[in-house]
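This report concerns only the one structure given below.
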Amino acid sequence: MSNDTKSNGRGKWGSRIGFMLAASGSAIGLGNLWKFPYITYKFGAGAFVLVYLGCIALVGLPIMVAEMMIGRRSGLNPVGAFKKLTNRRIWVFVGGLGVTCGFILLSYYSVVAGWALEYTVKSVRNDFANHQTITDKDIGAHLFAEYIKTPKSKSDPIKAGYGSELSTISFYDLKSPKAKKAFLAKLAKAWGEFAKGKPEIYAKLKSNTTASLLDAFQRGDDYSSRKLRLQRSLWVGALFGKFVASPAKVVGWHLLFMLLTMLIVVGGVSQGIERASKILMPLLLTMLVYLVIRALGFSSASESLAMIFRPNFHALTIEAVLEALGHSFFTLSLGMGAMLTYGSYLSKDESLTTSSIVITALDTLIALMATIIIFCAIHAFKMPVGDGGVSNLFRAIPAMFQETPGGNWLTVIFYVLVAFAALTSTISLLEVVVSYFIDERGWSRRKATLLMGSAIALLGVASALSLNAWANFKPFFGKTVFEFFDYTVSNWFLPLGGLFVALFVGWVLPVEAKRDELKGLPAVAFGLWHVTIRYISPLAVAGVFVWLLYQSIVA
Ligand code: TRP
1 MSNDTKSNGR GKWGSRIGFM LAASGSAIGL GNLWKFPYIT YKFGAGAFVL VYLGCIALVG
61 LPIMVAEMMI GRRSGLNPVG AFKKLTNRRI WVFVGGLGVT CGFILLSYYS VVAGWALEYT
121 VKSVRNDFAN HQTITDKDIG AHLFAEYIKT PKSKSDPIKA GYGSELSTIS FYDLKSPKAK
181 KAFLAKLAKA WGEFAKGKPE IYAKLKSNTT ASLLDAFQRG DDYSSRKLRL QRSLWVGALF
241 GKFVASPAKV VGWHLLFMLL TMLIVVGGVS QGIERASKIL MPLLLTMLVY LVIRALGFSS
301 ASESLAMIFR PNFHALTIEA VLEALGHSFF TLSLGMGAML TYGSYLSKDE SLTTSSIVIT
361 ALDTLIALMA TIIIFCAIHA FKMPVGDGGV SNLFRAIPAM FQETPGGNWL TVIFYVLVAF
421 AALTSTISLL EVVVSYFIDE RGWSRRKATL LMGSAIALLG VASALSLNAW ANFKPFFGKT
481 VFEFFDYTVS NWFLPLGGLF VALFVGWVLP VEAKRDELKG LPAVAFGLWH VTIRYISPLA
541 VAGVFVWLLY QSIVA
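The letter at position 499 of the sequence shown is residue 499 when you use this note's numbering, and the numbering goes up by one with no holes.
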């Protein structure tokens with residue numbers, strides 16, 4: 001933002017590139033690098049990716065134009081904007097909803113952003129190289145754990161971790177399905193003994209099985225390279241598990257990240273951010289291109305790609321559709337007034353459509369690249385998945401870079417870039433809340449940032465703790481605080497906010513105003529956008545909501 005922002009809290013972008021950097025910086029973040037690959041994984045990829053792309057094109061892109069339009073037309077924050085453009089109070093409520101969403105979203109987003117800081121430190125210390133810490137005993141325990149769960153998840157290759165190490169080793173004594181079944185029956189019986197207070201029988205069986213699994217593993221082809229990859233895979237998993245189990249670390253990094261965000265929003269280093277973006281954004285893109293090339297070099301890459309892109313509509317649930325829809329808002333920073341606020345600093349000469357198309361295309365490209373990299377790596381390293389994919393970004397990348405010359409420094413750069421991408425997003429979130437208190441309550445920028453930033457940081461502690469100390473505290477429909485916040489805000493409130501934006505711009509804003517805002521646009525393109533924002537986008541969002549509510553009532 002330009003300098004005059006600092007003096008009166010409001011201003012114009014310093015340059016066109018400044019706006020584009022800030023808006024794409026807001027859009028590109030953990031949503032692309034962490035969340036999209038993780039939910040794609042969780043919801044079985046394939047059809048999920050397709051639905052997501054549909055949502056981006058038919059809902060996200062047109063609504064981005066609409067949001068920026070409201071912002072530029074009014075030159076105000078979400079609440080003030082609706083107040084100025086209409087005298088109906090109901091629309092002001094939409095702005096209020098947006099500010100509340102920004103508040104909650106930032107509180108848990110900053111927790112994951114903090115992980116990137118911890119991982120930067122871990123990379124500098126080169127922790128990832130200590131894979132020898134994983135002993136044969138650990139490998140045996142892992143093989144046993146995989147062995148026990150294999151029959152249950154056979155039908156779902158993604159949940160089974162893309163076929164575990166077990167699929168590659170020959171069970172010289174348990175080769176036939178019959179022998180396996182008999183073994184499992186024996187095991188079940190042993191569990192019974194264990195429950196009845198005879199742990200010796202279970203322990204003996206477990207140790208015999210583990211020994212034979214380990215023996216089979218060691219006899220197979222390419223033993224040393226398979227062992228190395230398995231060690232790396234288990235080691236990065238252990239590092240992540242140990243880190244999130246520490247409340248002090250997770251909370252500490254979250255608080256530090258909030259502090260960084262507040263420092264920038266208060267106005268001090270916004271010039272630096274613009275300049276840094278010009279170098280770091282292209283660097284992130286370059287790094288992702290490099291990683292995609294490496295990821296496609298894994299022998300299992302074609303299988304991984306098929307999993308991501310081959311649609312399987314049978315596996316598609318309405319919950320997955322809601323998640324894809326919600327994520328299209330999350331990833332483009334829509335539905336709560338962030339793009340509206342950024343648009344309010346935009347000058348009349350810029351094209352809203354061109355800006356929106358460029359931002360959306362870049363955002364989608366980065367999300368797809370991250371997904372390809374992570375799927376290929378998880379697959380190639382046969383990483384076990386215990387947490388539905390939440391840790392994927394933090395295991396796949398270090399493991400891959402351990403196989404790259406100079407990898408530990410590349411890992412440092414990578415996590416710095418993740419942290420920076422997250423920072424340009426958290427800035428936009430805090431900016432929405434702050435601009436509301438400046439414009440509508442007459443607070444100073446300093447006071448708004450300090451008070452609201454601290455309140456958000458405090459709320460975020462609950463999400464940070466829900467990963468460890470409060471992991472079993474699941475008061476909301478079996479979800480932890482973290483999961484509940486993310487689920488309600490991204491899947492329900494952002495689409496709801498977007499629905500209102502579409503209805504407002506589609507039906508309330510006068511056509512002349514829209515034409516004026518999209519002056520350079522050919523008539524056909526304008527017509528296409530107008531039909532979409534009036535009918536298609538609102539109907540798509542409302543359709544998913546109604547379908548889901550109907551299902552939950554019937555079920
Ligand atoms: N879009 C960002 C991401 O993908 C997150 C984000 C920033 C956001 N600002 C937002 C999400 C406003 C919703 C609304 O990581």
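Even glycine gets a Cβ: it sits at the ideal position worked out from N, Cα and C.
Euclidean distance between Cα positions of V416 and W409: V416 and W409 have their C-alpha atoms some 11 angstroms from each other.
DSSP three-state assignment for F477, whether helix, strand or coil: coil
Integer-rounded CB distance, given that G60 should sit under 8 angstroms from L334: 6 angstroms
Contained beta strand (DSSP E) runs [length at least 3] in the segment 79-145, N- to C-terminal order: none
Contacts around F476, its chain only, beta-carbon distance under 7 angstroms, and the 5 residues preceding and following it disregarded: F484
Residue range of the alpha helix (DSSP H) that includes H314: H314 -> no alpha helix (DSSP H), and no H or E assigned at all.
For G75, three-class secondary structure by DSSP: Under the three-state reduction of DSSP, G75 is assigned to coil, being neither helix nor strand.
Selected residue, minimal CA-CA separation from I104, among L528, S463 and G297: S463
The segment 225-244 / the segment 397-412 touching (three or more Cβ pairs under 8 angstroms): yes
Contact with chain C by N472, beta-carbon distance below 7 angstroms: No chain C is part of this structure, which consists of one protein chain only.
Length of the line joining the Cα atoms of T426 and M258: 8 angstroms
Contact test: L30 Cβ vs the ligand TRP heavy atom, cutoff 6 angstroms: Yes, the ligand TRP has a heavy atom inside 6 angstroms of this Cβ.
Alpha helix (DSSP H) segments (min. 4 residues) lying fully within the segment 436-501: Every unbroken stretch of the alpha helix (DSSP H) spanning 4 or more residues and falling wholly within the segment 436-501 is given here in chain order: 445-465 and 481-486.
Which of helix, strand or coil DSSP assigns to L332: Looking at L332 - three-state DSSP - the assignment turns out to be coil, as it is neither helix nor strand.
Contact check, G337 vs V432, beta carbons under 7 angstroms: yes
Selection from R219, V481, P62 and F420 that minimises the alpha carbon distance to G114: F420
Beta carbon of M576 nearer than 7 angstroms to that of M339: Residue 576 is absent from the structure shown; the chain starts at 1 and stops at 555.
Opening and closing residue of the alpha helix (DSSP H) in which D215 lies: For D215, the enclosing alpha helix (DSSP H) has its first and last residue at P199 to R219.
Cβ pair W547, I318 closer than 7 angstroms: Against a cut-off of 7 angstroms, the Cβ pair of I318 and W547 comes out as a contact.
L429 CB to nearest heavy atom of the ligand TRP below 6 angstroms: yes
For G543, three-class secondary structure by DSSP: helix
Three-state class that DSSP yields for A377 in the structure shown: helix
Neighbour-count burial assignment, R515, 16 or more Cβ in a 10 Å radius: So R515 ends up on the exposed side.
Alpha carbon of G453 to alpha carbon of L97, nearest angstrom: 18 angstroms
The ligand TRP heavy atom lying under 6 angstroms from the CB of T331: yes
Check: M336 C-beta below 6 angstroms from any heavy atom of the ligand FAD: Here the bound small molecules are the ligand TRP; the ligand FAD is not part of this structure.
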